[in-house]
Amino acid sequence: MRLIHPFHPRCGEVFEFLERFNSWRGDVVLVLDDQGRRCSFPLEWTDMAPVDVFVAAAGEGCPFRTGDRLCPRLCRPYRQGQHRCVSAVSGC
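With the sequence shown counted from 1, adding 840 to any position gets you the working numbering.
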């Protein structure tokens, strides 16, 4: 079993799988490290977790930038059917 959580200091290490069980926080895997000590990790942090269908469909990306969502432009009608775009947030 490989640990794949990107922010864990042991990310990328391979462990000997012992057991998978359900605890109060969710599915957990019990493993042995290279020194024979028992460790436990949330299932989502390992390569044993099932693929998240939403993440797979989204391709792990988003077509919008954060700034685009924080500063939307509202088009308000202007005189004689013309339109102009005005920022919803001042300074955008």
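We treat Cβ as the ideally placed atom computed from N, Cα and C, and that holds for glycine. Source: prediction; values computed, not measured.
The C-beta separation of Val869 from Phe857 comes to about 7 angstroms, placing the pair in contact by the 8 angstroms criterion. According to DSSP, Gly866 shares a beta bridge with Ser863. Between the alpha carbons of Leu872 and Phe894 lies a distance of about 31 angstroms. One thing to note: Pro882 has its Cβ no nearer than 9 angstroms to the Cβ of Arg860. The DSSP-derived three-state label of Glu884 is helix. Of all alpha-carbon atoms in Phe855, Asp874, Arg877, the one lying nearest the alpha-carbon of Met888 is that of Phe855. Here the C-alpha atom of Met841 lies approximately 25 angstroms from the C-alpha atom of Ala897. Assignment of Phe857 by DSSP, reduced to helix, strand and coil, places it in the strand class.
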